[in-house]
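The sequence shown begins at 1 in full-length UniProt numbering and counts up by one. We put the beta carbon where it would ideally sit given N, CA and C, even for glycine. Let me begin by presenting the structure, written as structure tokens, before commenting on it.
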Amino acid sequence: MQSQCSAQARHDRLERPSGSSPREKPMPMAESESDSKINLDEVAAPPPVYDRPGEDHLENELSHQAGRVEQDVERDSRPNQNGYTPTVGREEAEKQPGRGLQSTSMRMPYVISYLIFFSFLGTLLRMVIESLTFYPGAPVNISVLWANVGGCFIMGFLSEDQGLFRFRGVDIQVEHEDDGQRRVRLTAHKKTIPLYIGLTTGFCGSLTSFSTFIRDLFLALSDGLSVPVGPYSDISLFAAAQDAPKAPNGGFSFMAIIAVLFLEVGLSTFSIKLGAHTAVFLSSWTPRLPQWWLERIVNPCMIPLATLSWIALICIVALLPRYALDPTLWSAEIWRGPVLFALVFSPVGCLARFFLSLKLNSRLAAFPLGTFAANISGTAVLGMAYCLQHSSISAASLGGGSVVGCQVLQGIMDGFCGCLTTVSTWALELIDLRPRHAYVYGIISVVVAFCLLVVEIGSLKWTRGLETPICFSASTGQ
1 MQSQCSAQAR
11 HDRLERPSGS
21 SPREKPMPMA
31 ESESDSKINL
41 DEVAAPPPVY
51 DRPGEDHLEN
61 ELSHQAGRVE
71 QDVERDSRPN
81 QNGYTPTVGR
91 EEAEKQPGRG
101 LQSTSMRMPY
111 VISYLIFFSF
121 LGTLLRMVIE
131 SLTFYPGAPV
141 NISVLWANVG
151 GCFIMGFLSE
161 DQGLFRFRGV
171 DIQVEHEDDG
181 QRRVRLTAHK
191 KTIPLYIGLT
201 TGFCGSLTSF
211 STFIRDLFLA
221 LSDGLSVPVG
231 PYSDISLFAA
241 AQDAPKAPNG
251 GFSFMAIIAV
261 LFLEVGLSTF
271 SIKLGAHTAV
281 FLSSWTPRLP
291 QWWLERIVNP
301 CMIPLATLSW
311 IALICIVALL
321 PRYALDPTLW
331 SAEIWRGPVL
341 FALVFSPVGC
351 LARFFLSLKL
361 NSRLAAFPLG
371 TFAANISGTA
381 VLGMAYCLQH
391 SSISAASLGG
401 GSVVGCQVLQ
411 GIMDGFCGCL
421 TTVSTWALEL
431 IDLRPRHAYV
441 YGIISVVVAF
451 CLLVVEIGSL
461 KWTRGLETPI
471 CFSASTGQ
């Protein structure tokens with residue numbers, strides 16, 4: 001009898017879970033929670049400042065999604081054993097047909113429409129911020145810095161917020177749960193709403209640009225950052241000042257690289273935290289969006305709105321005047337072309353980033369492959385377009401030899417590459433990954449992208465030199 005008891009005790013000790021830290025062995029999540037999440041870090045990452053245990057790290061959330069790479073927002077939300085679904089209960093939706101998110105077969109068109117529409121807004125706002133913050137006496141001459149800071153702030157706010165998308169149907173389902181479970185359920189529900197995906201993936205992802213950040217990093221190395229010198233009316237972000245002061249030697253370029261790197265990464269991650277803290281501070285005053293308004297009015301209207309907006313932009317570009325009658329750096333014909341081309345190409349980059357992250361981000365929990373692939377490929381395309389635009393070869397067949405070709409290349413860089421790459425997602429991942437993995441992921445992302453531009457743009461700059469693009473030259477008129 002005693003031997004049986006000792007054997008049973010040994011068996012219990014073997015079966016008992018080890019006392020490892022939650023960082024090393026995350027607690028399993030509810031089935032409904034993992035099913036409701038999308039493999040995109042703007043959507044999948046946990047709130048950045050919530051005092052959560054180690055298992056809420058992005059790595060652990062993604063590891064629970066391993067084997068679900070093909071799962072996307074088209075999969076129906078299934079209730080778990082407690083009858084809970086991530087949005088609104090199926091029985092309740094049947095009793096009240098207007099409530100709850102529509103079936104997931106209709107959710108993907110809504111998501112795509114929101115991504116298209118908010119990519120327009122994010123791209124336009126990014127270009128406006130870049131132009132407004134480029135002026136004589138500016139304390140920082142990094143063109144995309146403040147756009148990245150603003151996008152990261154909004155991303156942090158939306159990630160932490162628990163009020164905007166807190167619908168009444170979800171409140172009923174989680175009213176008897178404790179605070180931790182309620183927060184997890186509400187966060188999982190929020191990440192299935194098309195408007196939330198559009199704001200985070202579409203707007204914040206398009207407002208921030210990783211490829212432009214790496215381009216500025218290379219220009220700091222090559223002493224090519226544009227410095228606003230002279231009257232404000234003669235300054236353009238797209239035309240380097242001819243009399244701009246240069247660094248005495250290459251040692252100063254190294255300090256410039258460190259400054260750009262620390263400013264971009266430091267302020268971006270700080271903005272994520274600041275936005276999250278702002279959401280916590282304003283939680284008592286944050287309004288709740290009406291569910292019926294989203295489902296019955298906004299979602300159905302977004303499909304024709306996004307489609308017609310894209311078609312209208314293409315038509316405007318086709319009818320755009322080709323040359324400036326009074327060419328100056330602020331002539332409408334000088335800047336309007338690249339802006340419109342950027343808006344035309346922006347949905348393509350945003351959708352490509354969305355589906356790349358959707359398919360790849362869950363494959364390796366400690367290294368988000370989707371965001372990495374989007375940032376690296378977008379930076380490579382930007383380097384190619386930048387070389388063609390600034391090449392001294394005037395062959396129109398290469399794209400940079402004509403005004404229209406130059407404008408198209410600028411649109412590809414600001415629109416397609418700017419929306420394909422993102423800093424808001426990247427900064428959120430750096431915060432949510434474990435420190436060791438965050439350093440590896442961040443360093444590899446920056447080094448690989450930077451080396452690509454050194455090979456692409458550096459080979460042209462240090463052999464033939466870079467020319468002012470013809471579409472931004474004051475002598476464009478013909």
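Query: Any contact between the segment 204-212 and the segment 365-382? By contact I mean 3 or more CB pairs, one from each, below 8 angstroms.; Result: yes
Query: Does DSSP classify residue 464 as helix, strand or coil?; Result: coil
Query: For the segment 188-206 and the segment 332-352, state whether three or more C-beta atom pairs, one from each stretch, are separated by less than 8 angstroms.; Result: yes
Query: Got a sec? Which residues, its chain only, sit under 7 angstroms from residue 341 by beta carbon, not counting five neighbours each side?; Result: 317, 407, 408, 410, 411, 415
Query: So for residue 363, helix, strand or coil by DSSP?; Result: coil
Query: Measuring CA to CA, which of 319, 309, 311, 263 is closest to residue 139?; Result: 263
Query: Who are the Cβ neighbours of residue 132 in its own chain at under 6 angstroms, not counting the five residues just before and after it?; Result: none
Query: DSSP state of residue 222, grouped into three classes?; Result: coil
Query: Alpha carbon to alpha carbon, how far is residue 430 from residue 439? Give it in angstroms, no decimals.; Result: 8 angstroms
Query: For residue 459, does the count of other Cβ atoms within 10 angstroms reach 16, so buried, or fall short, so exposed?; Result: exposed
Query: Kindly confirm or deny that the segment 447-456 and the segment 213-223 touch, where touching means at least three C-beta pairs closer than 8 angstroms.; Result: yes
Query: Using 8 angstroms as the Cβ pair cut-off and three pairs as the minimum, do the segment 257-277 and the segment 141-151 touch?; Result: yes
Query: My understanding is that residue 346 touches residue 206, with C-beta atoms under 8 angstroms, so please give their C-beta distance in whole angstroms.; Result: 6 angstroms
Query: Measuring alpha carbon to alpha carbon, tell me which residue in 153, 435, 306, 402 is nearest residue 481.; Result: Nothing in the structure corresponds to residue 481, since the chain is present only between 1 and 478.
Query: Less than 8 angstroms between the C-beta atoms of residue 164 and residue 289, yes or no?; Result: yes
Query: Could you pull the start and end residues of the alpha helix (DSSP H) that residue 432 belongs to?; Result: 424-432
Query: In whole angstroms, what separates the C-alpha of residue 311 from that of residue 417?; Result: 20 angstroms
Query: Note down, in chain order, each residue of its chain lying with its Cβ closer than 6 angstroms to the Cβ of residue 464, except the 5 sequence neighbours on either side.; Result: 392
Query: Return the residue from the list 256, 281, 107, 257 that minimises the CA-CA distance to residue 197.; Result: 107
Query: Whole angstroms is fine: what's the gap from residue 404's alpha carbon to residue 413's?; Result: 14 angstroms
Query: Does the beta-carbon of residue 281 have 16 or more other beta-carbons within 10 angstroms, so that it is buried, or is it exposed?; Result: exposed
Query: Starting from the Cα of residue 338, find the closest Cα among 127, 113, 384, 121 and give me that residue.; Result: 127
Query: Would you mind reading off the limits of the alpha helix (DSSP H) that contains residue 307?; Result: 299-318
Query: What separation, rounded to the nearest whole angstrom, lies between the Cα atoms of residue 195 and residue 313?; Result: 22 angstroms
Query: Grouping DSSP H, G and I as helix and E and B as strand, with all else coil, what is residue 227?; Result: coil
Query: When burial is assigned at 16 or more other CB atoms within 10 Å of the CB, is residue 420 buried or exposed?; Result: buried
Query: So what does DSSP say about residue 357, is it helix, strand or coil?; Result: helix
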